[in-house]
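Heads up: the structure comes next, in structure tokens.
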Amino acid sequence: MLLHTLLLAFAQRVGLPDISQLPPGAGLGLIFTAGLLTSFHCAAMCGGIALAQTAAPGTRQGLLARLKPSFPYHAGRILSYSAIGALAGGLGQVIRLPGVFKGAIPVLGGLFMIIMGINLLGVWRFLRKLNLRMPGFAARRLLSGISRPGPLAVGLLSGLMPCGPLQIMQLYALASGSAWHGFASLLVFSLGTAPMLLLFSSIHAVTGKSFTNAVTRFSAVIVIVLGAAMLARGLALSGIAAAPSAAAWNTAGIAVIAQDSKVQTVRTVLDPDSRDSYPPIVVQKGIPVQWIFSAEKEALDTCNESLVLPAFHVEQRLVPGDNIIRFTPGEAGEFVYTCWMGMIKSRIQVVDDLAAYRAGSAVSPRPPAAAAASPSAPPDAISAAVPAGTQSPSPEASLLPLASPGNGQSAAEPLPPSPAGPKASAVTPAPAAEAPAAAPPASPAAVPFLPPSGDPGPPVQTVVTTVSPNGYTPVTVQKGIPVKWIIRAKAEDLNECNNALTAPAFGLEAKLEAGDTILEFTPSEAGEFTFSCWMEMIKSTITVVEQGG
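Numbering follows our numbering, with no gaps: position 478 of the sequence shown is 1636.
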């Protein structure tokens, strides 16, 4: 157990990836590292097959000559993995993995890895009946291929091995929805597993069977440790995890309910000192939650940059600044939320009555940050997420009413500064009617936009979404008024995932290019509507409010 804890702590500290939950846009370097980490499993699972491709230790040949037959085997294995990755990625373009796989896959994979490791140690023989097996036709050809068709054929059949990490990578390729990305991911993953197998074969070629057996037993222990880690993270992603300590609840964020009881707001902060943990929060049952998750740029890393709330079917990628997470708790209880890797875990406590909770709590929680930042206004004054790098809107911040036709003057005075920092506005004043209207800066809330003076035409509201490599900023517009939606992107921020956008509620699809892409629509009903990338991996929202709301 100590070894397990030390390995997990080391991996989390240096940012090593967990193969069970690679992010949709994982870089190839991250995938290669995942291959290196799981290669101990490969040595235990495929080590015997790899050894069969080398000359016996007693032969009068040099090390390179004895290893030479294994090179075609590894070439076949890499080719097989890559081809299956391309096939899975192509299949993912036409089907979508349901969210339940996020927890179920690592749970099943972890269980079978533990069983496999125990079987490699030779204990509890009854577990051998539970081992995964490759298809019979492939097993027969593989075993006969050791002596007849040759190492290349053996390697080609290795892609059908019942290997937990391999099958998780194949499911990752399926989730990517791209044949090219699936091919590249499995190619790089297989290259990452090759060094350990070559080292395993080299040791055998020099030392013989006794030392190889010791390496196999060591690899079996590593497989069990990795399986336990994968199982724990799968359980966390399924909503099962140990409760936070009593000390953690001392820093819990407690929701503040608006006077009209239509929304409750809670704020949490992720800074460099707390990057390895999330604070628990307390909310009331039956009232929509607006969770303002403020993240500092220096605090975000590959592990904590994305949240998963399995009980509420919410996933949120974090960007520097204020991130808005919305959900409505339907029942009281404690619910787990985690990072996308399942390594950082915390709780959401849902109570029947927040007032009773405050009165009867055994701890004295600090005043919630949301209340401290907005002392004179109800929490629902914050209408939308704030762009990265800015402070939260001041209590008086709200949507500007649209200017009437022929009047380019702003209908509201400039907003006062926020108590927490410099002046920040959720909206941008309208340009004067006499001057041509310039494209407004990035803003999550609709702003007045009128054509040049003369014939002003019908009122139009303009809103800007900014594209980042991992997300889109949400926007808020008014019902019944035409919208000019500007989607602003820099060339360096576009990738194969975020470069195409779809908003199905409004029948909108667009291929994004560097600069401004303009879409137009008229929202006919109030509510919150999702828009996403074409792969449905990056999601954000369009909130439609009543006129004057």
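Using N, Cα and C, we set each Cβ at its ideal position, and we do this for glycine too.
For PRO1627, the closest alpha carbon among the candidates LEU1670, PRO1617, GLN1619, PRO1640 is that of LEU1670. Linking ILE1272 to ILE1382 through their CA atoms gives a straight-line distance of about 5 Å. Beta-bridge annotation (DSSP): ASN1481 is paired with PHE1451. Within the same chain, VAL1447, PHE1470, VAL1472 come within 6 Å of PHE1485 by CB-CB distance, once the 5 residues on both sides are set aside.
When DSSP states are grouped into helix, strand and coil, TYR1515 belongs to the helix group. The distance from the Cβ of THR1196 to that of PRO1323 is about 4 Å, consistent with a contact at the 8 Å cut-off. Taken through DSSP and simplified to helix, strand or coil, GLN1417 comes out as coil. TYR1495 and PRO1309 have their C-alpha atoms roughly 47 Å apart. Rounded to the nearest whole angstrom, the C-alpha separation of LEU1458 and SER1698 is 19 Å. Between the alpha carbons of PHE1376 and LEU1357 lies a distance of about 14 Å. Of the residues SER1435, GLY1488, GLU1704, GLN1507, the one whose Cα lies closest to the Cα of MET1501 is SER1435. Here ASN1653 is exposed, its C-beta having fewer than 16 other C-beta atoms within 10 Å. Of the candidates ILE1696, GLN1705, ALA1453, ALA1453 places its Cα closest to the Cα of PRO1478. For the set ALA1668, GLU1456, TYR1239, LEU1465, the Cα lying nearest the Cα of LYS1503 is the one of LEU1465. Per DSSP, SER1228 lies in no beta strand (DSSP E) segment; the continuous alpha helix (DSSP H) that holds it begins and ends at 1228-1250.
Assignment of GLN1325 by DSSP, reduced to helix, strand and coil, places it in the helix class. In this structure, PHE1679 sits away from LEU1659, with a CB-CB distance that is not shorter than 8 Å. Look at ILE1272 here: in three-state DSSP terms it is helix. For GLU1473, DSSP records a beta bridge to VAL1466. Assigned with DSSP and collapsed to three states, VAL1383 falls in helix.
The closest CA to that of TYR1239, considering only THR1426, TRP1643, PHE1341, is found on PHE1341. In the DSSP annotation of this structure, the continuous segment of the beta strand (DSSP E) that includes GLY1685 starts and ends at 1685-1691. Within the model, the alpha-carbon separation for GLN1636 versus LYS1642 is close to 12 Å.
Excluding the 5 residues flanking it on each side, ILE1189 has same chain C-beta neighbours closer than 6 Å at SER1343, VAL1346, PHE1347, in chain order.
Excluding its 5 nearest sequence neighbours in each direction, GLU1456 has C-beta neighbours in its own chain below 7 Å: PRO1430, listed in chain order.
The criterion of a C-beta distance shorter than 8 Å is not satisfied by ARG1505 and GLU1489. DSSP, reduced to helix, strand and coil, places SER1698 within a strand of the structure shown. Your pair ALA1378 and LEU1266 does not check out as a contact, with CB atoms roughly 19 Å apart and the cut at 8 Å.
If the five residues before and after ASN1481 are omitted, its C-beta is found closer than 7 Å to the C-beta atoms of PHE1451, ALA1453, GLN1474, ALA1543, all from its own chain and listed in chain order. In terms of Cβ geometry, GLY1350 and GLY1193 form a close pair [threshold 8 Å].
Assignment of VAL1265 by DSSP, reduced to helix, strand and coil, places it in the helix class. Inter-residue distance for LYS1648 and THR1624 is about 9 Å (C-alpha atoms, whole angstroms). Taking GLU1686 as the centre and dropping the five residues before and after it, the same chain places the C-beta of THR1699, THR1701 closer than 6 Å to its C-beta, in chain order. When beta bridges are read from the DSSP output, GLU1492 appears opposite GLN1507. By the neighbour-count criterion, in which 16 or more other beta carbons inside 10 Å mark a residue as buried, PRO1353 falls on the exposed side.
Of the other Cβ atoms in all chains shown, 16 or more fall within 10 Å of the Cβ of GLN1507; this residue is therefore buried.
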